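> Under this note's numbering, think of the first position of the sequence shown as 657, with each following residue one higher.
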Amino acid sequence: MALSRRKMLLGGLGAASAGLFGLGRSARAEGERPAKNLIMILVYGGWDVTYALDPKPGLSTIDVPAGAIETLGGLPIFTHASRPATRSFFEAWGSSTTLVNGISVQSINHPDCTKRILTGTASETNPDAGAIAAFELAPDLPAPYLVLGPTAYTGPLASIAARTGTLTQVRGLMDPTLAFPRLDPTVPRFSPTEAETSMVAEYVKARAERERVTRGARGYNAKRIDDFVKSLDRGESLKGFSGAFGEEFAFTLDLRVQVDIALRAISEGLSHTVHLEQTFALWDTHSGNELQAPLFEDLMGALSLLATELASRPGKAAGSRLLDETVVAVVSEMSRTPKLNDAMGKDHWPVTSAMFFGGGIPGGRVLGATGENLEALAVDLATGTPTSEGTILQYSNLVAGLLGAVGVDSEAYLPNAEPFHALIG
657 MALSRRKMLL GGLGAASAGL FGLGRSARAE GERPAKNLIM ILVYGGWDVT YALDPKPGLS
717 TIDVPAGAIE TLGGLPIFTH ASRPATRSFF EAWGSSTTLV NGISVQSINH PDCTKRILTG
777 TASETNPDAG AIAAFELAPD LPAPYLVLGP TAYTGPLASI AARTGTLTQV RGLMDPTLAF
837 PRLDPTVPRF SPTEAETSMV AEYVKARAER ERVTRGARGY NAKRIDDFVK SLDRGESLKG
897 FSGAFGEEFA FTLDLRVQVD IALRAISEGL SHTVHLEQTF ALWDTHSGNE LQAPLFEDLM
957 GALSLLATEL ASRPGKAAGS RLLDETVVAV VSEMSRTPKL NDAMGKDHWP VTSAMFFGGG
1017 IPGGRVLGAT GENLEALAVD LATGTPTSEG TILQYSNLVA GLLGAVGVDS EAYLPNAEPF
1077 HALIG
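Set out below in structure tokens:
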């Protein structure tokens, strides 16, 4: 008899994918790259890559904004005086950044594309790259996978994730008083004593052990109980960070605030992977595509802050920077159509781009390519060079390559996807 999810407070552990729990750290890439932190930034809604990342001026087949191609840090970037933050980022960090163009997501539906660009699969029951990296490389941290937005996929690895989002789960764990809402402001808030808190913890663990004896000695139930008990310990360890972070785990759309939380979470040993997000359809410019310009400016300003701070903070290894030990991946689940529609906007397009920097990933490179109709061109997955003898770069190849870049062997999670080897040079 399977334990109920309500009884054990463990959602998201689908039986069909429970076998992933047996992976442990076996998926660590042996003899390859050392483990890296991961900061994943999702630009939700679909960016127009022609605004900066994949310039297409002078083509009758593609409508582009005002601007010109400028080589910054070895990268061809589309710039304009009205977009100074874009120019500033690539001027400072282009030589440390890899652009990947021509990524096929094979859909124009937001949820489907998001699942694909984050998990490398078409299923929301599979974990995304952030969850996999945290589970494989640092499962014992207080919050191995810190999620600062609503769109992330943990699948069977849910026990290692801590969400802020609209639920503010992390704040609740850090401040136990939030677990006891005060419905009447005239009545003092209930606050358990240390002895009462200890009694509750002992009761919960004892109940878990009773369930283990009666129904959870082996298999799926046993794994649920193990992860439940581990999550209790991680919840306790989170409380030690409450003084340092205070109210900062409240949900926010401000990417700069998310950047600050991510930096502190990684540098102070709270998390290994952090998911950041620009969301709520701001980028989904079906009308007024010119709104992409200020959105790119906000994004590039936040990326400049992130890169500067990573470069200025020490890493764990002697003489290293946090930038050397952290891979930053910036993705959007789709792009925009080549041509403007009647509302002067652009609709969904199944080919997108991505940005990567830090963690030893070589910079000043453009990998992959698109054609004169913004279609994905075949590339050599080993070099990233366009070639008629290559293959279309799929979302699964990209995610498999990202896992390799942070030190995880993707074979255990994406067995049918050849990694985009070019990403790590």
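Cβ atoms here follow ideal geometry from the backbone N, Cα and C, with glycine treated the same way.
The structure displayed is predicted, hence computed values, not measured ones.
Should TYR859 go down as buried or exposed, given a rule of 16 or more other Cβ atoms within 10 Å for buried?
Indexing the sequence shown from 1 puts residue 859 at position 203. Exposed, because fewer than 16 other Cβ atoms sit within 10 Å of the Cβ of TYR859.
> Go ahead and label PHE846 buried or exposed: buried means 16 or more other beta carbons lie within 10 angstroms of its beta carbon, across all protein chains shown.
Position 190 of the sequence shown, counted from the start, is the residue given in the question as residue 846. It is exposed - the Cβ of PHE846 has fewer than 16 other Cβ atoms within 10 Å.
> Tell me whether MET990 sits in a helix, a strand or coil according to DSSP, three-state version.
Walking along the sequence shown from the start, residue 990 turns up at place 334. Coil at MET990, not helix or strand.
> Report, in whole angstroms, the separation of the C-beta atoms of LEU804 and ALA918, which I expect to be a contact under 8 Å.
Looking up residue 804 in the sequence shown gives position 148. Looking up residue 918 in the sequence shown gives position 262. About 7 Å; that satisfies the 8 Å criterion.
> Suppose the cutoff is 6 Å on Cβ atoms and the five residues either side in sequence are ignored; what does the same chain contact list for ILE697 look like?
Here residue 697 corresponds to residue number 41 of the sequence shown, with the count starting at 1. Within the same chain, ILE697 has close Cβ partners LEU932 and VAL986.
> Would the beta-carbon of VAL720 fall within 9 Å of that of PRO713?
Residue numbering aside, residue 720 sits at position 64 when the sequence shown is read from its first letter. Residue numbering aside, residue 713 sits at position 57 when the sequence shown is read from its first letter. Yes. Within cutoff.
> Is the beta carbon of GLY1020 less than 9 Å from the beta carbon of SER752?
Walking along the sequence shown from the start, residue 1020 turns up at place 364. Walking along the sequence shown from the start, residue 752 turns up at place 96. A contact, by the Cβ cut-off of 9 Å.
> Output the distance between the C-alpha atoms of THR993 and ASN877, rounded to the nearest integer angstrom.
For the purposes of this step, residue 993 is taken as residue 337 along the sequence shown, with counting starting at 1. For the purposes of this step, residue 877 is taken as residue 221 along the sequence shown, with counting starting at 1. Cα-Cα distance, rounded: 48 Å.
> For LEU823, which residues in the same chain have their Cβ closer than 6 Å to its Cβ, ignoring the five residues on either side in sequence?
The sequence position of residue 823 within the sequence shown is 167, counting from 1. With a pLDDT of only 46 at LEU823, under the threshold of 50, the placement of this residue in the model should not be trusted; the figure read from the coordinates follows. Cβ neighbours of LEU823 beyond the five flanking positions: none.
> Using only the alpha-carbon positions, how far apart do LYS1002 and VAL885 sit?
Counted from its first residue, the sequence shown places residue 1002 at position 346. Counted from its first residue, the sequence shown places residue 885 at position 229. The straight-line gap from Cα to Cα measures roughly 49 Å.
> Are the CB atoms of LEU1049 and GLY702 nearer to each other than 9 Å?
Numbered from its first residue, the sequence shown carries residue 1049 at position 393. Numbered from its first residue, the sequence shown carries residue 702 at position 46. Not closer than 9 Å, so no.
> Any chance the segment 1010-1017 sits against the segment 966-982, with 3 or more Cβ pairs inside 8 Å?
yes
> Is the segment 717-732 close to the segment 959-976, with three or more CB pairs under 8 Å?
Not touching, per the Cβ criterion.
> For a test of the three-state rule: what should DSSP assign to VAL761, helix, strand or coil?
What you label residue 761 is simply residue 105 of the sequence shown in a count that begins at 1. Reduced to three states, the DSSP call for VAL761 is coil.
> In this structure, does DSSP put ALA1073 in helix, strand or coil?
As a position in the sequence shown, residue 1073 is number 417, starting the count at 1. ALA1073 falls in the coil class under three-state DSSP.
> Just reading off the alpha helix (DSSP H) that MET956 is part of, what are its end residues?
What you label residue 956 is simply residue 300 of the sequence shown in a count that begins at 1. 948-968 is the span of the alpha helix (DSSP H), which, as asked, contains MET956.
> How is PRO806 classed by DSSP in three states: helix, strand or coil?
Here residue 806 refers to the residue found at position 150 of the sequence shown. Of the three classes helix, strand and coil, the one that applies to PRO806 here is coil, per DSSP.
> Tell me, please, whether the segment 906-916 touches the segment 781-798 by the rule of three or more beta-carbon pairs shorter than 8 Å.
As far as the Cβ criterion goes, the segment 906-916 does not touch the segment 781-798, which means the pair count is below three.
> Can you round the beta-carbon distance between ALA1061 and ILE1080 to whole angstroms, since I take them to be within the 8 Å contact cut?
Here residue 1061 refers to the residue found at position 405 when the sequence shown is read from its first residue. Here residue 1080 refers to the residue found at position 424 when the sequence shown is read from its first residue. Correct: roughly 5 Å between the Cβ atoms.
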